[in-house]
Structure formats: structure tokens, C-alpha cells
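*Asks:*
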Amino acid sequence: MTPTPEDVKKQLWAAAETHLSTLRTHFNAGALSASIQLLEASLLLPLAPLDALRTRIRIANTLLAASLPTNAEAHLQKAALIAASAAPPPDVRTALADAQARLLVALGNAKLAKQILHTAAQETKALDPACFLFLLSRRADIVLNENDIKATHSALQIGIDESDRFRLLDAKAVFLLRRFLLCLDSRDLHSGSALLAKHIDPLFASASSTSDSASDSPVFHLLSTYRILKLMYFLQTGDRKSAKLHLDDICKLVFPDSVSANTVLPANNSMEIDGQESINQHHSKRHTSIVQISGLLKPNQERIFVCLIVASVLKDNDNNKALEYLKHGLSGIQDALAGQPDDSDATFQDVIETRKWYVDIHVLFLHQLVEVYLLKAELVLAEETLMQLITFLHSATYTTPLLNKYLPIILLDWGLIHQSNGRLSEASRCYFGAAAVAVEVSRSSSNSGVHQIGLEAFIHETRIVASFCNVVVLLMGGDPARVEMAKQILEGLEKDVHEPILLLSSHHHQQTATSPATPMSSTISGTSTMAHCDHIKAFQNLCCAMISHSNTEIKKTKVHLLETLRLSDTLLSQQLKIVTLVLLGNVFLETAPGETERMVHIAYKLCKKGGVKSMGRVCASVLDEIGRRKKEVAAAAAAAAAAAANQ
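Residue 713, in the numbering used here, is where the sequence shown stops; the numbers in between run on with no holes.
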């Protein structure tokens, strides 16, 4: 029986999708070319105008995902001609406008791209609210890509208002969450707080309840995203108590089998790949809801991102549990990069965009892992992990070269490793380089489209982290020239107390004056972003205490350290408390060794509990020194008593 043109069309489409599915694991120019040729071959058949239009759009989207906009342009021009006479349904009209806008952005004409999306939105407004809202969202993406924060808020607010008009609460929630995320990314916590209290919290009140009807809420499927962003908000405002209380709720939602953030994690549940998506399915599913294409995280991404947040919070008190979460998240990332997408209907274009997110988050996980190993005094593993990070950045596919982008983090980690090994000059050079390169990266970097949660902040704030590390290293040894340099850096950081910043668990390794060759690790865990900026204040006080101590200004030293100790309790930061207790004990070592022993013993117990072996060794050496001095005093007293008895 001779196959009909319809049969041949389906076979060609299916074969093309099979080739495209292989691109999920690695880029293959042959597979890309074969898929395009098969789709173009189907255009030689007597296709219905709508099928021809869908095929042209599919080809164009594939070429755009492969960074071949010039090749895509011809197909979109022909698609536009077909659409002009075929009167396509709203979802296909939307897909065409989306592809045209993406092409124009790739060609550097964002202004025309926004006009096309606006026109298409007005055409679909009365026909399909979901398509209309999707186009509003895509227009907001382009505005955001232009780094116009105010205009992006306005574009997203239009989406909120229109969602209200259509009574689509889930779409309204997405636009609200995106505005809230934009507040976090731009560090506008005043606006974010108002948005949360007035609009977002009330919208999610029913979905957050413990009643059986909570799952009936139209925004229930966005509950995990809402809670993740709220946790980010707590961390940025320095409210670690609320953040820790919020952790358990998130873990229960994202990891249903868990009881709290301190329980054993379940096994990874990777999604299987369905490689036989048809072009018709692609268009019928892609634009059914604004929620699907929103710039927010997919379920597997949420699980991985939660692992990163939980690890960064737990690391301050329990490095072993933090290590467990980091390894769990890395396993999920490796599965995703090996070709297991978050969505069984994911297209090649979707996989490319999602892969970029996984590459970024992979870097941040390895960076965190380096710091955990340093805190655990596993220096070989720390260096091996950093080399693994560098190798990964050299080999990452589907991305522009990432090594330069993440060079500040690499230099920071090298500095921490050098310092942990007692190589202070090398550490200082790395810290100085990290701060300098971070400034250049911040100036030259541009957003890659829709903002993703919490990635750019790590790069942006490396300058602060590296500068504090450099201050600490320069203060060691008491060299006047280096101390003066440290003071200048510290003065330059003064303005950062009044600037909102995001510092997610960036570690500051320090050393005691009594044990200059032994690393002392502390951390800015979590976030400190508002005007008070308690984390930065704590580390400024710590550095000022070291300066005062080097000048033998004991009274000032005590004042600074006691303020740091108070802030460590406010911030629930055990590692900061450990460092402060040891430094404070060092101040009392000559005049009140009993007080030193008490403080350092408390610090030692905290080290044992939290798995901070690097600081535990410092505490042990101080306690040994106190014990040695006690024996000397006892021996001297015994000798004096014996001498007195013999007289």
C-alpha cells in the first residue's frame, strides 16, 4: 500500500524529532543538520498551510537554539507570508511572534521585537488569554534583557493587571513572583517587602494552609516557588531565624519523603526522556499556560536549588549535613547535564536554555563544595574539587566560554586553599585578583534572557568576599605596610554596609595570632542585605579587632570582638561565634588564662558538633598551650614549695 502524503509527513517529523532528541545530551552538528533536512523535506509535500507554518516555525526555533539566526530568518519570512493568508489559531500565531522576536533579539533589534510581541498580544487578547499573557511575559523578558529594571516592573505589572481582568490567578501569581524575584535580584528589598505583604502572601494564603482544601488553590502548583523566593527574601534581609523555620516547609514540599532539612534525603527522581514529540504536540502544549513559560524554576531545578540553599544555611552549623545536600544536588545536576530534561516534552530549544542554568548552578555547587572541604580540613579534596570545576568550565557545551565569567570565584577558592596551607602571600594575590576581576565581570556581563533565581549574585558579591579575605591575610604577621594596606581596603568596604548585597555562604578563612600557620575558617553564611547589613558589620568588627590587637589596644579589641559575638548570636552563625571566641580567648591568654580556656572550650565543642575540623584544630592547639602553661605554673609552684620546705 502506497503511503499517503500525511503518512510521509508524520514519518519525516518523527525522524526529525529523533535526531533532535540526541541533542539533549551533547551537541551534534550532524544530528542538527539531519533534523533540519528532514523537516525541510516535509515541506516538499503537499502540506496544509497550517502544517507548513508549524514546520517553518519548528525549523526556525531549532536554528535559533543552535545560534544560527541567519538561517532561521528565511524560514520565518516564509512563515509570515503563510500566516498572512492562513489565519492561524492563536497558539500558532503566538509561536510565530515568539520566534520572530527571538530572531530580532539575536540580530540586535530588540525594539522591533517588542513591537511584534505587542502587536501579536493585541491580536490574541480576545481570542486566547493564555497566549496573550504569554506574549506579555516574553516582552517583559526582552525589557529585562536590556537591564531596564523600572520598565521591566512596568511590563510585569501589566501582566498582573491583565491576569486580574481575566481572573487567572495562576498567571497573576507568576507575574507577581517574577516582580518579587526582580526585587531580590536588583536588591530593592523595600519594594519587595511591600509586594510580598500586600499581594503575594494573601494570594498564597489558602495554598499554604494545612487544610485538605489547600491543594484546590489555583496557585498550589506554584507554592514551592513562592516559598523558595520567600526564603531568599529572609536570607537577604538577614532574618535567619525565619529562614531556618522556613527551610523545613520547603524541604517537605520539594522532597515529599523528608521530615525536615535535617533528615536523610530521598533518592534522586530523574525524569525519563520522551523523544517522540510531534510538531502538533509541540504547538498545542507550548503555549497553554503562562505558568509553563515564566522564567521560574521547573520542579527538578527547584529541588536542586533548594539543595544549594539548604546546604548554604546548614553549613554554618552542620558541615556534614551540608555536604550531603551538596552531593545530592550535584547528582541531580549531573543527571540533567547527561540528558535527562526536566520536561518530557522539552524541545531542543528548551533543553539549550535549561542547560545553561544547570551549567551555572553546577559551578556554584562545586564552589560551595570546595568551601565545605576546607572547613572540614580536607585540603586535598578541596583542591581536587576546584580542579574539577576548572575542567568543567573548559568543557561545558551549549554555552559561551564561562571561565572568564567565573574567574573571580576560582581565584577566591585558590586564595582560600593557599591560606589554608599557610601560603599567605599567594592567598593575598588571589584575593586581590578575585576582587579586581569581579569588578570587570560585573561591568561586562549581560543577562542571558529571563532572570534565573540567585545566580548572578554570587559573581557580583565576590569582590566583597575577596576583599574581606585579603584584609584578614594582610593583617597577619603585623607588617606595618601590610596592615596599612588592609586598613585602606577596609575603608573602601565601609560604603558596602549601607548597600544591599547578597552573600550566600562565602567563607572567610582566618588565622589566630597565636597559630599563624593554622587556618581559621569563618563564614558569611546566608544573606545580609539591608541597611544594617549585620554580616558585614560583624566582619568589619572582626577585622577592626585584629587591627586593634596588632596595635596592642586591648580595650578596643575587646569592644570589637564582643560586638562581633553579639552579632553572631543575632545571625545564628556558629562559625562566626567560633572564630570570635577563639580570638577573644587569645586576648585574655596572658592575663586570664582560665577565661581563655572557657571560651576556647566552648568553641571547640561547637567545632565538634558542626564538623568544622579546621577550626577544631586551632582550638585544640590553644587548649594544649593552656595545658602546657598550667603544667609549667604547677611545676614552678611545686619547685617553690619544695625550696621553701628545704629552707
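Just so it is clear, CB atoms sit at the ideal spot from N, CA and C, and this is done for glycine as well.
1) Do you know how far the Cα of residue 157 is from the Cα of residue 352?
2) Identify, in the order they occur along the chain, each residue of the same chain with its Cβ nearer than 6 Å to the Cβ of residue 209, setting aside the five sequence neighbours on each side.
3) CA-CA distance, residue 256 and residue 295?
4) Got a sec? Which residues, its chain only, sit under 7 Å from residue 479 by beta carbon, not counting five neighbours each side?
5) For a test of the three-state rule: what should DSSP assign to residue 292, helix, strand or coil?
6) Grouping DSSP H, G and I as helix and E and B as strand, with all else coil, what is residue 444?
7) Rounded to a whole number of angstroms, what is the C-alpha to C-alpha distance between residue 160 and residue 146?
8) What is the DSSP secondary structure of residue 707, counted as helix, strand or coil?
9) Could you tell me if residue 307 is buried or exposed, where buried requires 16 or more neighbouring beta carbons within 10 angstroms of its beta carbon?
10) If we call anything under 7 Å between Cβ atoms a contact, is residue 261 one with residue 246?
11) Is it true that the CB of residue 165 sits closer than 7 Å to the CB of residue 211?
12) What distance in whole Å lies between the Cβ atoms of residue 489 and residue 505, which are believed to be in contact at a cut-off of 8 Å?
13) Comparing alpha-carbon positions, which option in 370, 150, 377 lies nearest residue 401?
14) Could you tell me whether the region 618–636 touches the region 284–298, where touching means 3 or more Cβ pairs closer than 8 Å?
15) Check residue 630 in the structure and name its three-state DSSP category.
16) Tell me, to the nearest whole angstrom, how far the beta carbon of residue 680 is from that of residue 493; I am working on the premise that it is less than 8 Å.
17) Go to residue 287, then tell me how far its alpha helix (DSSP H) extends in each direction, as first and last residue.
18) Across the region 247–254 and the region 227–238, are there enough close Cβ pairs to call them in contact, namely three or more that are closer than 8 Å?
19) Going by DSSP, what residue range makes up the alpha helix (DSSP H) through residue 370?
20) Is it buried or exposed, residue 386, if we count other Cβ atoms within 10 angstroms and call 16 or more buried?
21) Would you mind giving the Cβ-Cβ distance between residue 383 and residue 676, rounded to the nearest angstrom? I have them listed as a contact below 8 Å.
22) DSSP on residue 211, reduced to helix/strand/coil?
23) What do you reckon, are the CB atoms on residue 648 and residue 441 nearer than 7 Å?
24) Assuming residue 368 contacts residue 290 (C-beta within less than 8 Å), just tell me the rounded distance between them.
25) If you reduce the DSSP assignment to three classes, tell me which class residue 713 lands in.
26) Taking the alpha helix (DSSP H) that residue 241 belongs to, which residues open and close that run?
27) For residue 86, is the classification buried or exposed, using 16 other Cβ atoms within 10 angstroms of its Cβ as the cut-off for buried?
28) Take the Cβ of residue 151 as the centre, count every other Cβ of all protein chains shown within 10 Å, and call the residue buried at 16 or more, exposed below.
29) Between residue 119 and residue 163, is the Cβ-Cβ spacing less than 7 Å?
30) For the candidate residues 422, 427, 364, whose alpha-carbon lies nearest to that of residue 395?
31) Would you mind sorting residue 190 into buried or exposed? The rule is 16 or more other CB atoms within 10 Å of its CB.
32) Please list the terminal residues of the continuous alpha helix (DSSP H) segment that includes residue 486.
33) Specify the secondary structure class of residue 124 as computed by DSSP and reduced to three states.
34) How would you label residue 104, buried or exposed, when you count the other beta carbons within 10 angstroms and need 16 or more for buried?
35) What are the start and end residues of the alpha helix (DSSP H) that includes residue 108?
36) Looking at residue 534: is its Cβ nearer than 7 Å to the Cβ of residue 605?
*Replies:* Judging by the given coordinates:
1) Because the pLDDT of residue 352 is 36, which lies under 50, any placement of that residue in the model is unreliable, and the question is left without a value.
2) Answer for residue 209: 217, 218, 221, listed in chain order.
3) Linking residue 256 to residue 295 through their CA atoms gives a straight-line distance of about 15 Å.
4) Here the set comprises 433, 436, 452.
5) Of the three classes helix, strand and coil, the one that applies to residue 292 here is helix, per DSSP.
6) Residue state, collapsed to three classes: coil.
7) Residue 160 and residue 146: Cα-Cα distance of roughly 12 Å.
8) Three-state DSSP puts residue 707 in a helix.
9) Residue 307 counts as exposed, since fewer than 16 other beta carbons sit within 10 angstroms of its beta carbon.
10) Against a cut-off of 7 Å, the Cβ pair of residue 246 and residue 261 comes out as a contact.
11) With respect to residue 165, residue 211 sits apart: the two C-beta atoms are not nearer than 7 Å.
12) About 25 Å separates the two Cβ atoms, so there is no contact after all.
13) In terms of CA proximity to residue 401, 370 leads the group 370, 150, 377.
14) Counting C-beta pairs with one atom in each stretch, the region 618–636 and the region 284–298 have fewer than three that are closer than 8 Å, which means they do not touch.
15) DSSP, read as helix, strand or coil, puts residue 630 in helix.
16) Rounded to whole angstroms, the Cβ separation of residue 680 and residue 493 is 14 Å, and the two are not in contact under 8 Å.
17) Counting along the chain, residue 287 sits inside no alpha helix (DSSP H), nor does DSSP assign it H or E at all.
18) Output reads no: the region 227–238 does not touch the region 247–254.
19) It spans 365–380 - the alpha helix (DSSP H) in which residue 370 sits, taken as one unbroken run.
20) Exposed: under 16 other Cβ atoms inside 10 Å.
21) By a beta-carbon distance limit of 8 Å, residue 383 contacts residue 676. Their separation comes to about 5 Å.
22) Of the three classes helix, strand and coil, the one that applies to residue 211 here is helix, per DSSP.
23) Cβ atoms of residue 648 and residue 441: not closer than 7 Å.
24) Their Cβ separation, rounded to whole angstroms, is 5 Å, which keeps residue 368 and residue 290 in contact under 8 Å.
25) Taken through DSSP and simplified to helix, strand or coil, residue 713 comes out as coil.
26) It spans 235–251 - the alpha helix (DSSP H) in which residue 241 sits, taken as one unbroken run.
27) When all chains shown are included, residue 86 counts as buried.
28) Residue burial is scored here from C-beta neighbours: residue 151 has fewer than 16 other C-beta atoms within 10 angstroms and is therefore classed as exposed.
29) By the CB criterion at 7 Å, residue 119 and residue 163 fall outside the cutoff.
30) The shortest C-alpha separation from residue 395 is found at 427.
31) Flag for residue 190 reads buried.
32) Residues 473–486.
33) In the structure shown, the three-state DSSP call for residue 124 is helix.
34) When all chains shown are included, residue 104 counts as buried.
35) Looking at the DSSP string, the run of the alpha helix (DSSP H) that includes residue 108 is 95–108.
36) Yes, the Cβ-Cβ distance between residue 534 and residue 605 is below 7 Å.
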